[in-house]
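So the structure is just underneath, and the comments pick up after that.
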Amino acid sequence: MLGAFANAFRTPDLRKKLLFVLLIIVIFRAGSQIPAPGVDVANVQDCINIAQNGDSAGLYNLVNLFSGGALLQLTIFALGIMPYITASIILQLLVVVIPRLEALKKEGQSGQAKITQYTRYLTLGLALLQATGIVALARSGNLLQCNQPLLHDNGTQTFLVMVVTMTAGTAVIMWLGEQITERGIGNGMSILIFTQVVATFPAALWAVQTSQGWWIFSIVLAIGLVIVAGVIFIEQAQRRIPVQYARRMVGRKMFGGSSTYIPLKVNQAGIIPVIFASSLLYLPAMAVQFNQNSTSGWVSWVSKYFVRGDHPLYMIAFFALIVFFTYFYVSITFNPNEVADNMKKYGGFIPGIRAGKPTEDYLSYVLSRITLPGALYLGLISLIPLIALVLVDANQNFPFGGTSILIMVGVALDTVKQIESQLQQRNYEGFLR
């Protein structure tokens, strides 16, 4: 593997791409450490330490995961890549609902460019809303539930400057991701998400050692390696449905006669169901944050069952939501009817299955069967940090498990495959054997 890295850096154009990606990552992480104008850095750090040792530690770790530690520190890149992720998911859902967007998707590259432009606009709108909410919480003292002031000045001018700075930071992050996609290697947005998650990984891993000792730390590392191996195995697992294209005469030329397959991944939905479920369960916990002084019964009930995440009711609800959203997301992203129609249009068929409705029914049957283990896999991996919270009193940012490990392994595999394909074009021995 070290030889493959050496070969990659010996190739001038590939070396430039890798160095360009590293440069963007350095800029991205630097922006995640620079505080926004008007932030009292010392007080913010003190309040973060208090909050992460309190009853709502899991809540703050969940909020802070996708920003690489930048959100609670109120930096210029505090919002991270989450507004873009949310906008992309919303546009994917709207494509199924709105005929105009569905028509744009079918137009090919030009239509996809318009959808990408709509995603950018929606990202800025969501960033503006999120920045306004975060700065308002920081100004009122409800962001970290701390008695110390987080801002030097609570005036309107400081408020507006911080909102504009964080929104502009999101626009810069979006531009950096697009630059990686165009001029680097891999998907830019995925690599930035990977960077944010990896940034918190060493601290989360070392927190286990400081709180539990070297013996538990060694056990966690051993279990982590097994989990990573399992995630890699499932992420690469797929059901290949064979497709045969019949020969056909077009003018004086013969076309077709080739064999291919439809790859149906076990984890067809990726990490989207986990993000959906986490966001939905975050809403009641966030509502409690705004009603800390309330004597209402629902506030105490939510605080007991849905804030720390160590209660069995929370785990059951989390697991059930992941399974539901897995089936929901797969159903809107993979359309068996559309696939069957396209196969019939170009003379393709599944051996032993008639074209048309029988093919659609067969694809639906296989998809429903293969989605079940994928949904159970996502649910079990996502419950690992919650189980660790109960067994070893770790926090919800437990390194091996949950959204973080899915992102790290998934993005790493995809990026390595792209590097591998470029190395193979140059007849080099690559990463995967």
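Numbering-wise, UniProt numbering puts 412 at position 412 of the sequence shown, and it's gapless, one number per residue.
Glycine included, each C-beta is placed from N, C-alpha and C at the ideal position.
For a cut-off of 8 Å, the C-beta gap from S190 to D414 is around 7 Å, short enough to register as a contact.
Nearest to V172 by alpha-carbon distance, out of A78, P273, R10 and P99, is A78. By the criterion of a C-beta distance shorter than 6 Å, D341 is surrounded by no residue of its chain, once the five residues flanking it on both sides are discounted. Three or more Cβ pairs drawn from the segment 414 to 423 and the segment 177 to 191 lie within less than 8 Å of each other, which places the two stretches in contact. G184 sits in coil when the DSSP states are folded into three classes, being neither helix nor strand.
For T116, the secondary structure class from DSSP, reduced to helix, strand or coil, is helix. For L264, no alpha helix (DSSP H) run applies; the uninterrupted beta strand (DSSP E) run containing it begins and ends at S259 to K265, by DSSP. Per DSSP, Y84 is one residue of the alpha helix (DSSP H) stretching across M82 to V97. In the structure shown, F77 falls within a coil segment according to DSSP collapsed to helix, strand and coil. A residue is called buried once 16 or more other Cβ atoms fall within 10 Å of its Cβ, and Q130 is buried on that count. Contact between G402 and I381 is confirmed by a C-beta separation of about 7 Å, below the 8 Å threshold. Counting of Cβ neighbours within 10 angstroms places E182 among the exposed residues, the total staying below 16.
About 5 Å separates the CB atoms of I24 and L176; that is less than 8 Å, so the two are in contact.
Around the Cβ of K345, a 10 Å sphere holds fewer than 16 other Cβ atoms; the residue is exposed.
With fewer than 16 other beta carbons inside 10 angstroms of its own, Q45 counts as exposed.
Rounded to the nearest angstrom, the gap between the Cα atoms of K265 and R240 is 8 Å. For Y346, no alpha helix (DSSP H) segment is defined, and its DSSP state is neither H nor E. The C-beta distance from I90 to I34 rounds to 29 Å, too long to meet the 8 Å contact threshold.
In chain order, P37 and G38 place their CB closer than 7 Å to the CB of V161, counting only its own chain and leaving out the 5 sequence neighbours on each side. Taking C-beta atoms under 8 Å as the contact rule, I316 and A375 fail to qualify, at a distance of about 15 Å. Scanning the segment 316 to 345 from its first residue to its last, the whole alpha helix (DSSP H) runs of 4-plus residues come out as 336 to 345. With contacts defined by Cβ atoms closer than 8 Å, V220 and V208 form a contacting pair. In the structure shown, I384 falls within a helical segment according to DSSP collapsed to helix, strand and coil. In chain order, Q238 and R240 place their CB closer than 6 Å to the CB of P263, counting only its own chain and leaving out the 5 sequence neighbours on each side.
Distance from the CA atom of G80 to the CA atom of T86, rounded to whole angstroms, is 11 Å.
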